[in-house]
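In this note's numbering, the protein residues as written are 7 to 231. Glycine is no exception: its CB is placed at the ideal position from the N, C-alpha and C atoms. Here's the structure, in structure tokens; my notes come after.
Next comes the structure, spelled out in structure tokens:
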């Protein structure tokens, strides 16, 4: 194994800490033995009948009557209802704040974790610094520009998927992941044999693309590998 350039051999790193490191995600993940690239993915998609009117009404009410500026509010009022819909449709359980320790460099908890036909890890992130059409939509922090939050979120997601890769006894060839603010979702796939993380540049917005997003989540959880 190559000598790490960023990570310290005598230090421990939680999943959350990877999102705080001020280094390029390529270099961080390289120290974990993983490469990363951005390219369009062909994600599993559920093609059956789907009635999302109740879910759509509930999310619309959340936008109208709830202050959803905090990460906790986004989890409760935007992410949780959507994942509940996925659970009910697939009859699969989502594990919340799922703890996992693989090594001193790979430990912490998954915000949301599906273990079904496919494996799906979802990382909830704040909306600050998210990129819309590759422009910052959040104000910079004091002291300099803010790194887009989906970039640091994907660094953390990569570490979580690498931990899952080492922990699970399943032989599925890929592990799915997503980062989400509740309003914006973005997917990625870890190719296990190559230790290669692919980030899909497509952003799915709620409520505008709710049906497309829901069909992808159902397709991942219930579909073939």
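By the neighbour-count criterion, in which 16 or more other beta carbons inside 10 Å mark a residue as buried, residue 67 falls on the exposed side. Residue pairing of residue 68 in beta bridges, as defined by DSSP: absent, with no partner found. Taking residue 119 as the centre and dropping the five residues before and after it, the same chain places the C-beta of 101, 104 and 127 closer than 6 Å to its C-beta, in chain order.
The beta-bridge partner set that DSSP reports for residue 119 consists of 101 and 127. Remark: C-beta atoms of residue 223 and residue 65 do not approach each other more closely than 8 Å. Residue 24 sits in a helix when the DSSP states are folded into three classes.
Just so you know, the alpha carbons of residue 27 and residue 117 end up roughly 19 Å apart. In this structure, residue 163 sits away from residue 188, with a CB-CB distance that is not shorter than 8 Å. Between residue 166 and residue 201, the CB-CB gap reaches or exceeds 8 Å. Judged by their CB atoms, residue 161 and residue 31 are nearer to each other than the 8 Å cut-off. Residue 212 carries a coil assignment under DSSP once its states are collapsed to helix, strand and coil.
For residue 90, there is no enclosing beta strand (DSSP E); the residue is part of the alpha helix (DSSP H) that begins and ends at 86-96.
Residue 48 counts as exposed, since fewer than 16 other C-beta atoms from the protein chains shown sit within 10 angstroms of its C-beta. Distance between residue 210 and residue 173, taken at the CA atoms: about 30 Å. Taking 8 Å as the cut-off, the Cβ atoms of residue 159 and residue 131 count as close. When the Cα atoms are used, residue 213 and residue 16 turn out to be separated by approximately 45 Å.
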